[in-house]
Every structure is written in C-alpha cells, then in structure tokens.
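Student: Quick one: the structure is below, and I'll ask about it shortly.
Residue numbers (this note's numbering): 391 to 1000.
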C-alpha cells in the first residue's frame, strides 16, 4: 500500500513539473520584465544594480507600448540624458528572454554598432542572469555570438550600420530598432534609403514592431521630426503641485533668476524639486483629437530628466548662446529635443561683412594668441590666408595673399616656404609666427604639394583633402597611404562651411566673432569678401530624402575654402587658449616655427594643448 502511494506521489510530481514546463510564461510587459530581471552594469550606468522604471517614470509607457499588439510603430524624439539607450536595451533584453524574435538594431555607422555591442549590450547580457543563460559565450564551440550578431533560442539580434548596404538585405526581421535616425546617410551605398531597406525586412511578420529613436536636427531634413509629425505626438505631462493642471516641462516658462517654472493655469512659479516630485503622476498627452494609436510618438526634453539639473541646463544655454548659432542649434537639438528652424538662412551677404571692416592700426591685434594659415593651390598661383585666433574662437583676418607663379616650379614653393616662415608683428613690434598650416592637396598639383609638405610636417604644415557630406566630422580622419606617406587629414568641408557661416552671422564682439582689417595692404578687398560669401546651403530631394547641398552664388570661392583650411589647422593642433593667454600676459609668445628641431616635443605640447 505504501509503495502504491509513493508511486502516485511521484507521478503527481512528474505531471506538476511537466505542467510548469509547458505552461505559458506570465504575461509581462516590457517595463515589468525590466523591473523583475534587468541589471544595470557599472560600465554603462552611474547607478549600477537593479533596474527601476520608477526612477524615470516617463519611460514606462514607451516600454509598454512595445507590448501593445495594437501598436506597430513607436517614435521617440528626445533630448540626450533621458535614458533612450536604456529603453532600447530593455526592449532587446525583453525579446531575448521573454518574447524571442529576430531583431535588427540599425545605427548610423558600423563603428557605432561595434562600440554599442562591446560597451552596452555585452555588459547587459553578462550582468542580467536571465540573458546570460540565453546567449552563449562567444568562445563556446557551438556559439553564434559575435560582436555584431548575438544568437539565442528563437531568434537573434543583429547590429548593422546604416552605411553598410549588405547588412540590410536578405534578413527577416520582426523587431526593428533604429537609433539616431537623423544621423543616417541618405543612401546605404547605392542601395537607397537605409531605413526603407530595413523596413522591408519586417513585411513577413504580422506582429512586427518598428522603433525609431533620435535627437532631432534641422526641420527641413529631420527624419525623426517627420515621423513624429505623422504619429500621436504625445508629450510627457505632470500635474501642477498647486492646481493639478497637467502640462509639459516647457523651456519658455523657465525663469532663470530663481530656477522655477511658471504654471500655465494658476501662474505660480514652482521650483524644480516641486515639479519633479510629480513625475510619478505623469502621463503622456496627445494634442490630436483622434490620433492613430498604431503609430505612437513620444517627445521628451532634458527638463524632465532626473539626471539633469535645471541650473546646468540654464548655464549650458547661456554658454551656447555666447558661442553662436551652431552651438545654440546643438543645444536645442540635444537638450530640448526640438528641431532647429533656421530663420536667418544659410548664407552671408558680402556687403554686410565689408561694413564691419575695422582698422587694426597694426598687423596683429593684441587679443590674438595664435596664428594659423590655409593654402589653396591653383593652376597659376597659390592663395594664402593667415588667421589670428583668440579666446572662444574669436578670429581676426591677418592677411590674404596671392603668390602669382607656376606651381610646377620649385621657386613657387620656395616663395610659399619663405612666407610661412616669416614673422608677423603686434602693435609693440613683438613677433609671432604661424603655428600651423593646412594645404589643399586636391586638384592638379597633388604631387607638388606632397613634396613640399613632407619635410615640413615638423613645422605643423599639414596636407588636407576635402570630404563632402553633412554627417562627416570636421576633422574626419588622418591617413598616410599616399605616395609620400604624409599625414593627410580628411576634413568635412560641409561641416566647416556651416561653422564659418554661423560665425560670420555673429553680430557682437566676443566668442566666434570674425574681425577683418580695413588696411589696404592686408588684401581683404571686394573680391575676397565675395569669394568668402560665395556659397549658400539649399535643400534638395535625393532618393526621395531631403538633403542639404551647397551651391555657388559667385564663381570664385577661394576665400571660403581658405578660411576652412585655416580653421582646420586650428582644430588639428587644438591649442590651449588659457595657457596661451597666461603666456601672453607674461610677454611670452608661443612660437612653433622657431623651434623646428624639437619635433617630438612640439608635437607633444600641441597635442596636450599649449
């Protein structure tokens, strides 16, 4: 009898265990999964340990919309510092552990994918036990875990750069995550729009999800803004602590003096602490009467973030405003999560600049701390501009010069060498030399330019090559694969032009302002100013996508190119202006050109910022 009871008990336990195995998992939303299982890693979080959605309550509705079967597309247009990368991490973790599916993470470049995989995804998998059990170590014999693809039971996560067309083809995807879509190239090679290519990979899934995330850029070309405009356009709102009226965190109602925000209803000015104490009661509100809930759009700004104090935001705004339009544009995009709408246009009128000419009454004004130069090589001449730089990138045109002669002849380059080693003088006759020079190596005289530059790199005379494209960094890269093995810097000329025209539009002396001399022998005449203002930026449709392009207003554009090259020389050597100012106050001029024998020392000092 006892034996039969024991067998029955074993049988009962067996069926209980089978039921546990076969039973469907608990019905978890993404935020619930994160609160239950997710661990934050020390490498990627200032608050490592167990994830708490309550720390930033505005993330909950975004996360849970992924679990909503009625929602197909999710748009997140936001500032930096609101945790949008962690939102993506939680979505990926949820689908690895709880709802397996083939996933694609699309980022602007493959190098960013590599960095994300190593610094964000791998630590999350390592420190979250439920994920560690699913993704095998890369060194395992049967592992399909690589840097750019992680396999797990029921699916995989592939990471692809938007600039790599091969990674976007022949791959079924149920979950598409696109990060920083405003930084995507217009076309993935010759294949077309990378976002459209990726979207096509989801067509076979009835339960597909598309999540697009980005800080916005400029209104005319912002992908995330266009997607947000066609969504529910939801804003995170909290109730006023005094009257209970729900409202957004609005920069226009922030009072700088006492760091408060005014209520739209009761008009009370309340502190940051009082407003943020209501975050747990917040909710998303759409301004539309009947929004289409299949495409939900969420907007967030840094005022909402628990990690970004309002006083820091105010100080950053003041600093950006001092530095000019380009800095202010970046602040709007990354802090308010808003598109920038350029009301002044993207060109400069040469007549306006000529009216600002001023007499220096010397060759080099006293506030100049360092000189750089740009050299443009033409078929019948060399053109040079020397620019003086002061604190906060305030600049002074020093001299614009043409060397009329044949660039095929050695004597031409000897004249350039003599000019670049020459002295320039302050009002008290203190001499200063050019600290760095950039020479354009494009055109018909590439080899002549290489031959000139090679033995003079010790004097910070660099070769450059222009690279077009709005997403290219100004100092894009440095290679030595050319014939003479010189250090050839690729510079993003479009980014440089944006910076130059932004500075030329500054009206008040100070950070970024551009001064020009009225002295006739300095060379800043009508022809120069027309060439400086020779281009303007327009919007054109390329492969169905809006794209900025630069077009010429006037035939000659050497003035604009030379200012770009002189600016590149400054960015390459990265001088420390505070130290230069301290030396200047002691009557010492930092002189690169007079110390050419100490190559390593000079290079080392400049790289540290001298």
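Backbone N, C-alpha and C fix where the C-beta goes; we use that ideal spot for every residue, glycine too.
(1) Got a sec, what are the start and stop residues for the alpha helix (DSSP H) residue 867 sits in?
(2) Nearest to residue 953 by CA position, among 892, 910, 976 and 969, is which residue?
(3) Let me make sure I understand the geometry here. Which of 830, 960, 871 and 732 has the alpha-carbon closest to that of residue 785?
(4) Using 8 Å as the Cβ pair cut-off and three pairs as the minimum, do the stretch 778-796 and the stretch 846-854 touch?
(5) So what's residue 877 in DSSP terms, helix, strand or just coil?
(6) Quick one: what's residue 793 bridged to in DSSP?
(7) Could you tell me which residues DSSP pairs with residue 636 in its beta bridges?
(8) Pull the bridge partners of residue 779 from the DSSP assignment, please.
(9) Thinking C-alpha only, which one of 862, 778, 807 and 743 is nearest residue 965?
(10) Just reading off the beta strand (DSSP E) that residue 545 is part of, what are its end residues?
(11) Would you give the residue range spanned by the beta strand (DSSP E) that residue 604 belongs to?
(12) Would you list, in sequence order, the uninterrupted alpha helix (DSSP H) runs of no fewer than 4 residues that lie entirely inside the stretch 491-523?
(13) Within this structure, are the beta carbons of residue 491 and residue 564 separated by less than 9 Å?
(14) Given this structure, state the Cα-to-Cα distance separating residue 909 from residue 747, to the nearest angstrom.
(15) In terms of alpha-carbon separation, which member of 568, 545 and 441 lies closest to residue 552?
(16) Is it a yes or a no for the stretch 623-632 touching the stretch 688-702, going by three-plus beta-carbon pairs under 8 Å?
(17) Return the residue from the list 858, 755, 483 and 515 that minimises the CA-CA distance to residue 815.
(18) Inspect the CB distances between the stretch 893-906 and the stretch 785-802 and report whether three or more fall short of 8 Å.
(19) From this set, 975, 926 and 838, which residue's C-alpha is nearest residue 796's C-alpha?
(20) Do the CB positions of residue 537 and residue 507 come within less than 9 Å of each other?
(21) Alpha carbon to alpha carbon, how far is residue 524 from residue 543? Give it in angstroms, no decimals.
(22) By Cβ distance, which residues of its chain are closer than 8 Å to residue 854, with the 5 residues on each side in sequence left out?
(23) Should residue 511 and residue 481 be called a contact, given that it needs their Cβ atoms to be closer than 9 Å?
(24) Any idea if residue 527 is buried or exposed, counting beta-carbon neighbours within 10 angstroms, 16 or more meaning buried?
(25) Residue 624 by DSSP, collapsed to three states: which one?
(26) Opposite residue 686 in the DSSP bridges: which residues?
(27) Let me know if residue 424 comes out buried or exposed under the rule of 16 or more other beta-carbons within 10 Å of its beta-carbon.
(28) Leaving out five residues before and five after residue 766 in sequence, what residues of the same chain have Cβ atoms less than 6 Å from its Cβ?
(29) Under three-state DSSP, which class holds residue 554?
(30) To which residues of the same chain is residue 432 closer than 7 Å at the C-beta, ignoring the five residues directly before and after it?
(31) Which of the three DSSP states, helix, strand or coil, is assigned to residue 674?
(32) Excluding the 5 residues flanking residue 913 on each side, which residues of the same chain have their C-beta closer than 7 Å to its C-beta?
(33) Would you give the residue range spanned by the alpha helix (DSSP H) that residue 569 belongs to?
(34) Alpha carbons only, please: which of 709, 820, 429 and 707 is nearest the one belonging to residue 515?
(35) Which first and last residues belong to the beta strand (DSSP E) in which residue 652 is found?
(36) Just curious, the beta strand (DSSP E) that residue 851 is in, first and last residue?
Tutor: With the given structure in hand:
(1) Locating residue 867 in the chain shown gives position 477, where the first residue counts as 1. Looking at the DSSP string, residue 867 is not in any alpha helix (DSSP H); the run it does join, the beta strand (DSSP E), is 865-869.
(2) Counting from one through the chain shown, the residue named residue 953 turns up at place 563. The candidate whose alpha carbon is nearest that of residue 953 is 892.
(3) Your numbering for residue 785 matches position 395 in the chain shown. It is 960.
(4) no
(5) Mapped onto the chain shown, residue 877 falls at position 487. The answer is coil: DSSP assigns residue 877 none of H, G, I, E or B.
(6) Here residue 793 is taken as the residue at index 403 of the chain shown, counted from 1. Bridge partners of residue 793: 772.
(7) Along the chain shown, read from residue 1 onward, the residue named residue 636 stands at position 246. Residue 636 is bridged to 629.
(8) Translated into the one-based positions of the chain shown, residue 779 becomes position 389. Note: residue 779 sits in a beta bridge opposite 760 and 785.
(9) By 1-based counting over the chain shown, the position of residue 965 is 575. For the set 862, 778, 807 and 743, the Cα lying nearest the Cα of residue 965 is the one of 778.
(10) If you number the chain shown from 1, residue 545 lands on position 155. Run containing residue 545: 545-551, per the beta strand (DSSP E) assignment.
(11) As a working note, residue 604 is residue 214 in the chain shown. Taken as a continuous stretch (DSSP letters only), the beta strand (DSSP E) holding residue 604 covers 599-604.
(12) 500-506, 512-517 and 519-522
(13) Locating residue 491 in the chain shown gives position 101, counting from the first residue. Locating residue 564 in the chain shown gives position 174, counting from the first residue. Cβ distance < 9 Å, so residue 491 and residue 564 count as in contact.
(14) Here residue 909 is taken as the residue at index 519 of the chain shown, counted from 1. Here residue 747 is taken as the residue at index 357 of the chain shown, counted from 1. Whole-angstrom Cα-Cα distance: 9 Å.
(15) As a first step, residue 552 is located in the chain shown; it is residue number 162 there, counting from the start. Looking at the Cα atoms, 568 is the closest of the given residues.
(16) yes
(17) Counting from one through the chain shown, the residue named residue 815 turns up at place 425. The shortest Cα separation from residue 815 among 858, 755, 483 and 515 belongs to 755.
(18) yes
(19) On the chain shown, position 406 is the one that residue 796 refers to. For residue 796, the nearest C-alpha among the options comes from 838.
(20) Indexing the chain shown from 1 puts residue 537 at position 147. Indexing the chain shown from 1 puts residue 507 at position 117. Their beta carbons are under 9 Å apart, which means residue 537 touches residue 507 by this criterion.
(21) As a working mapping, residue 543 is identified with position 153 in the chain shown. As a working mapping, residue 524 is identified with position 134 in the chain shown. Their Cα atoms are separated by approximately 7 Å.
(22) Along the chain shown, read from residue 1 onward, the residue named residue 854 stands at position 464. Cβ neighbours of residue 854 beyond the five flanking positions: 828, 829, 830, 831, 878, 879, 880, 881, 955 and 958.
(23) Counting from 1 along the chain shown, the entry for residue 511 is found at position 121. Counting from 1 along the chain shown, the entry for residue 481 is found at position 91. No, they are not a contact pair.
(24) As a position in the chain shown, residue 527 is number 137, starting the count at 1. Label assigned to residue 527: exposed.
(25) For the purposes of this step, residue 624 is taken as residue 234 along the chain shown, with counting starting at 1. Residue 624: strand per DSSP, three-state reduction.
(26) Along the chain shown, read from residue 1 onward, the residue named residue 686 stands at position 296. Per DSSP, 464.
(27) The sequence position of residue 424 within the chain shown is 34, counting from 1. Residue 424 should be labelled buried.
(28) The residue given as residue 766 occupies position 376 in the chain shown. Taken in chain order, the residues that qualify are 773, 830, 948, 951 and 952.
(29) Position 164 of the chain shown, counted from the first residue, corresponds to residue 554. It is coil, neither helix nor strand.
(30) The residue given as residue 432 occupies position 42 in the chain shown. These residues qualify, in order along the chain: 438.
(31) The residue labelled residue 674 in the question sits at position 284 within the chain shown. Residue 674: strand per DSSP, three-state reduction.
(32) As a first step, residue 913 must be located in the chain shown, where it is residue number 523. Taking C-beta separations shorter than 7 Å and ignoring five residues to either side along the sequence, the partners of residue 913 in its chain run 789, 790 and 791, following chain order.
(33) Counting from 1 along the chain shown, the entry for residue 569 is found at position 179. It is not in any alpha helix (DSSP H) - residue 569 instead sits in the beta strand (DSSP E) that spans 565-569.
(34) Counting from one through the chain shown, the residue named residue 515 turns up at place 125. For residue 515, the nearest C-alpha among the options comes from 429.
(35) If you number the chain shown from 1, residue 652 lands on position 262. It spans 650-652 - the beta strand (DSSP E) in which residue 652 sits, taken as one unbroken run.
(36) To locate residue 851, count along the chain shown from 1; it is residue 461. 851-857 is the extent of the beta strand (DSSP E) around residue 851.
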